[in-house]
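J.: Residue numbers (this note's numbering): 495 to 752. Where a beta carbon is used, it is the ideal one built from N, C-alpha and C, also for glycine.
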């Protein structure tokens with residue numbers, strides 16, 4: 495819920511010309527306050543820019559209403575400059591929880607990063623990656639030869655996860671997708687659905703010969719030897735979608751697209 499009266503808006507945009515033009519136009523029409531004073535962030539761009547905004551610390555306390563001024567726009571509402579206050583007031587809310595990646599590289603350094611969509615492990619050279627996968631400390635797959643593997647949130651299940659033939663997950667399912675990327679052996683393994691509280695550990699085998707990078711959305715660590723992935727239920731972010739076109743509906747409809 496918003497305070498009485500019209501919510502105070504702040505407009506953020508990507509550097510695409512159409513996004514910059516929209517920000518200027520909307521700020522002139524509705525006014526734009528400092529982000530610290532805003533009730534709603536209006537993000538103008540594509541899905542990549544929405545992920546950038548969700549990574550801002552302020553996104554943990556201010557709802558985000560996106561409008562597509564980019565390319566894909568799955569996480570965005572249609573762009574229309576009219577009746578913006580009314581659209582936001584009637585919008586459906588989607589609460590999302592990110593993943594936390596803790597990666598250790600070959601030099602023993604540790605890195606921590608947050609992922610809204612997925613954490614991916616990717617081979618760095620022509621050599622296939624070899625990964626051991628543990629769930630809650632128990633080895634579930636002793637050796638996976640592949641181009642990589644990923645852990646996806648429900649909100650991110652229609653992104654890279656779907657392109658890698660992983661399952662689409664309803665937003666409220668409280669599960670994570672573990673999906674191989676071009677698995678070579680075992681060739682028939684298609685991944686797994688995990689309880690959202692599971693701890694996923696990837697151990698890189700033959701790391702000197704077969705280097706692997708780990709990517710949490712847009713944050714990359716090279717030459718990793720071990721990566722832990724967990725869902726952070728203590729962090730919650732709110733996205734706003736036009737009535738009747740909420741994120742849950744989009745995820746469901748995506749399963750019937752042809």
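Are three or more beta carbon pairs between the segment 708-719 and the segment 674-690 nearer than 8 Å?
T.: No: the two stretches stay apart, fewer than three of their Cβ pairs being nearer than 8 Å.
J.: Helix, strand or coil: which one does DSSP assign to residue 542?
T.: Three-state result, residue 542: helix.
J.: Can you find at least 3 beta carbon pairs, one from the segment 569-582 and one from the segment 624-643, that sit closer than 8 Å?
T.: no
J.: If you reduce the DSSP assignment to three classes, tell me which class residue 734 lands in.
T.: strand
J.: Please report how far the alpha carbon of residue 736 lies from the alpha carbon of residue 531, in whole angstroms.
T.: 23 Å
J.: From what residue to what residue does the alpha helix (DSSP H) around residue 581 run?
T.: Looking at the DSSP string, the run of the alpha helix (DSSP H) that includes residue 581 is 578-583.
J.: Considering only C-alpha positions, which residue in the set 665, 676 and 670 is nearest to residue 657?
T.: 676
J.: Buried or exposed, going by whether 16 or more other CB atoms sit within 10 Å of the CB of residue 738?
T.: exposed
J.: Let me know the beta strand (DSSP E) ranges lying completely inside the segment 622-706, each 3 residues or longer, listed in chain order.
T.: Here the runs fully enclosed are 623-629, 632-640, 642-646, 669-675, 686-689 and 694-699.
J.: Suppose you measure from the CA of residue 639 to the CA of residue 563; what does that come to, to the nearest Å?
T.: C-alpha separation (whole angstroms): 39 Å.
J.: Decide if residue 617 is buried, meaning its Cβ has at least 16 other Cβ atoms within 10 Å, or exposed.
T.: buried
J.: Is there contact here, the segment 505-514 with the segment 537-546, by at least three beta-carbon pairs under 8 Å?
T.: Enough Cβ pairs lie closer than 8 Å, so yes.
J.: Would you mind sorting residue 655 into buried or exposed? The rule is 16 or more other CB atoms within 10 Å of its CB.
T.: buried
J.: Does the structure place the segment 611-626 close enough to the segment 641-649 that three or more beta carbon pairs sit under 8 Å?
T.: The segment 641-649, when compared against the segment 611-626, does touch it at the 8 Å Cβ threshold.
J.: When burial is assigned at 16 or more other CB atoms within 10 Å of the CB, is residue 548 buried or exposed?
T.: buried
J.: Excluding the 5 residues preceding and the 5 following residue 753 in the sequence, name in chain order all residues of the same chain whose CB lies nearer than 6 Å to its CB.
T.: Residue 753 cannot be examined here, being either before or after the span of the chain that is shown, 495 to 752.
J.: Enumerate in chain order the residues of its own chain whose CB-to-CB distance from residue 705 is below 7 Å, with the five nearest sequence positions on each side excluded.
T.: 618, 619 and 717
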